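Notes for the one structure printed next.
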Amino acid sequence: MSRIVVMDLRVHNTVLAGHERYFLLVGADRRSHLVRDWCPHRGGPLSLARLTPDGRRLSCPWHGTKVGVAAVRRTGVPMVRSGDEAIVLLPDTPEDVPVTLVHKRILANLPPEADEPHDDVPALPCGEPAAEPCEEAR
Ligand code: FES
């Protein structure tokens, strides 16, 4: 079952739906996509990934896997945007699953040369700091 959510993009850029996370990825062309906040390697937070210098891939903060922006966009859920409002269709989200709209800092939308610290990147599942490769990933 799907759910329809209305986002005010002036105050919301992230959707938490049960165990799923989605964030608003804004491309260089200024087009927005609500995409899964999930790295295909081991589920790291792609919203905290940084663009590579060529702007074509996101480098995951957990182990550095580079994921194509086009591939991430393809994880986008159906969304119709009108001005600052977006109507979003969340797939496989039953009515009893809690849905929360929030605003978070999204590093993936910064230009590659932006200087932002990674101090709020959550720790890896193995407990190692995010800047160091996880033992399980070596
Ligand atoms: S979870 Fe993203 S590189 Fe490992």
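FYI, in full-length UniProt numbering the residues of the sequence shown are 1 to 138. Ideal Cβ positions, reconstructed from N, Cα and C, are used throughout, including at glycine. Computed from a predicted model, the values in this text were never measured in an experiment.
When PRO91, GLY44, MET1, ALA70 are compared, the shortest CA-CA separation from ASP29 is found for ALA70. Under the three-state reduction of DSSP, VAL77 is assigned to coil, being neither helix nor strand. By the Cβ neighbour-count rule, ASP92 is exposed, with fewer than 16 other Cβ atoms within 10 Å of its own.
HIS63 is positioned such that its CB atom lies closer than 9 Å to that of HIS41.
In this structure, the C-beta of HIS41 approaches the ligand FES to less than 8 Å from one of its heavy atoms. Bridge partners of ASP8 according to DSSP: GLU85. THR52: not part of any beta strand (DSSP E); DSSP gives it neither H nor E. Going by C-alpha positions, SER59 is about 16 Å away from VAL26.
If the five residues before and after HIS33 are omitted, its C-beta is found closer than 6 Å to the C-beta atoms of LEU25, ARG73, GLY76, all from its own chain and listed in chain order. Minimum Cα-Cα distance from LEU110 among the listed residues LEU101, THR65, THR52, GLY68 corresponds to THR52.
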